[in-house]
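A short worksheet on the structure shown next.
Encoded structure:
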């Protein structure tokens, strides 16, 4: 229990502690499992509030500041501070907010396929990139039609959202046709929690990136359509001393598409801090 709220987490491996915060919001943690990192780090995969076995927030206030407060409390609960914090996608937003609000708890931040803002601007940019993906596919390509239709839907409820996400998966990868035969088990890990009380949250820290003092690694796949490379470069340019690593053959899930390069980048960073 953190602040009277149940927050579940799963711990694997040994070595310096690294909290891993999944994306979404609401996507369950197993898709982010990183066994290669567990050989060198104590990976703590959190189920954020409003996700999985953790409690929903009755007031629906899932602000970045509130997520960050739970990360800070988890770090204290673990008794292993300062810790590394790896946040993927929306989890990267949380990691960056934690670096602003609770830098004393952090040894380093890994902003993985993330960016400095959330809201309609992100959605508009992602749709523009999705349209470019569709335009680059052959005429009449069924995957192009599938992802475009899935993006334009407004699914309600867990089953509908999962179905839409499954049909969108191709655009999240650099080369889905090549990797699809090898990720059957991984796809089975993708699940999510839908909290009908969740309030839409506008968030923008572009004007505050210079305030981040925690060592930061920015990791991005060059084919990421939703948290693209230009947004990662904006992060790296704005955060003093930040390191940028671009995975040249990955989309939004570099730890799946290029696991060796991903592992090496993270371990090089953690060994230096």
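Numbering (full-length UniProt numbering), first residue to last: 1 to 273.
Don't be surprised by glycine CBs; every beta carbon is placed ideally from N, CA and C.
Shown here for residue 73: same chain residues with a beta carbon closer than 7 Å to its own, the five before and five after excluded, namely 2, 3 in chain order. For residue 219, the enclosing beta strand (DSSP E) starts and ends at 216-221.
With respect to residue 94, residue 10 sits apart: the two C-beta atoms are not nearer than 9 Å.
DSSP places residue 210 within a helical segment (H, G or I) once states are collapsed to three. One Cα belongs to residue 67, the other to residue 207, and the distance between them is close to 20 Å. About 5 Å separates the beta carbons of residue 171 and residue 133, which is inside the 8 Å limit, making them a contact pair. DSSP assignment within the region 98-145 yields the following whole alpha helix (DSSP H) runs of 4 residues or more, N-terminal first: 120-136. If you check the CB distance, residue 31 and residue 189 come in under 9 Å.
In this structure, the straight-line span from the alpha carbon of residue 224 to that of residue 199 is close to 26 Å. Distance from the Cα of residue 128 is smallest, within the candidate group 139, 151, 141, for 151. Cα atoms of residue 271 and residue 261: separation of roughly 15 Å, rounded to the nearest angstrom. DSSP links residue 43 through a beta bridge to 12, 18. By the Cβ neighbour-count rule, residue 97 is buried, with 16 or more other Cβ atoms within 10 Å of its own. For residue 52, no beta strand (DSSP E) segment is defined, and its DSSP state is neither H nor E. Taking the C-beta atoms as reference points, residue 85 is found nearer than 9 Å to residue 108. A straight-line Cα-Cα distance of about 26 Å links residue 103 and residue 254.
Distance from the Cα of residue 6 is smallest, within the candidate group 48, 214, 121, for 48. Put simply, the backbone Cα of residue 140 is about 25 Å away from that of residue 250. With a contact defined as Cβ atoms closer than 8 Å, residue 193 and residue 52 qualify at about 6 Å. Within the same chain, no Cβ atom closer than 7 Å to the Cβ of residue 136 is found once the five residues on either side in sequence are excluded. When rounded, the separation of the alpha-carbon atoms in residue 40 and residue 55 is 30 Å. Residue 195 and residue 239 have their C-alpha atoms roughly 33 Å apart.
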